[in-house]
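Trainee: Numbering (this note's numbering), first residue to last: 1 to 134.
This is how it looks when you write it as structure tokens:
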């Protein structure tokens, strides 16, 4: 499907992140549950599926958080800051983001008012596309 017209907002930035599911799964097995506790909010953890679907869900959210961190210029974020980015699902199924603390302050300083997120995954890859506008 193609857009019929250009968006009516100034696009400030865009980031695309792709993760290989098997590599992410292996990484999680090495890091353990602490990695998940320290980087995913209670809401993000509570809505994750089980088994392989859980890995795909977490990989999609991790890719999205990485794309957002990149847009905010925080590629090497401190551990606690990952919880300041929360990926939510609207009733329509569309992903959205809630920012807290330092991440919210940075977004405000950058003039970001609109977030456009797309998350997709297969058994092989998870991909997140994040665009921001004024």
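Cβ coordinates follow ideal geometry from the N, Cα and C atoms, glycine included.
1. For residue 124, count neighbouring C-beta atoms within 10 Å of its own C-beta (all shown protein chains included) and say buried if the count is 16 or more, exposed if not.
2. By the three-class DSSP mapping on this structure, what secondary structure does residue 112 have?
3. Under a Cβ-count criterion, where at least 16 other Cβ atoms within 10 Å of its own Cβ denotes burial, should residue 24 be classed as buried or exposed?
4. Give a yes or no on whether the C-beta atoms belonging to residue 112 and residue 127 are separated by under 7 Å.
5. Looking only at C-alpha atoms, which of 114, 37 and 119 sits nearest to residue 10?
6. Of the choices 55, 57, 120 and 65, whose alpha-carbon is the least far from that of residue 81?
7. With a CB to CB cut of under 6 Å and the five nearest residues on each side skipped, what residues in its chain are close to residue 118?
8. Whole-angstrom Cβ separation of residue 121 and residue 17, contact assumed at under 8 Å?
Mentor: So, to answer that:
1. Position 124 of the chain shown, counted from the first residue, corresponds to residue 124. With fewer than 16 Cβ atoms within 10 Å of its Cβ, residue 124 is classed as exposed.
2. Your numbering for residue 112 matches position 112 in the chain shown. Three-state result, residue 112: coil.
3. Sequence index remark: in the chain shown, residue 24 carries index 24 (1-based). That one is buried.
4. One-based indexing of the chain shown puts residue 112 at position 112. One-based indexing of the chain shown puts residue 127 at position 127. Contact: no.
5. As a first step, residue 10 must be located in the chain shown, where it is residue number 10. The option with the nearest alpha carbon to residue 10 is 114.
6. Counted from its first residue, the chain shown places residue 81 at position 81. Residue 65 is the option with its Cα nearest to residue 81.
7. In the chain shown, the residue the question calls residue 118 occupies position 118. Answer for residue 118: 129, listed in chain order.
8. What you label residue 121 is simply residue 121 of the chain shown in a count that begins at 1. What you label residue 17 is simply residue 17 of the chain shown in a count that begins at 1. The beta-carbon distance between residue 121 and residue 17, rounded to whole angstroms, is 12 Å. This is too long to meet the 8 Å contact definition.
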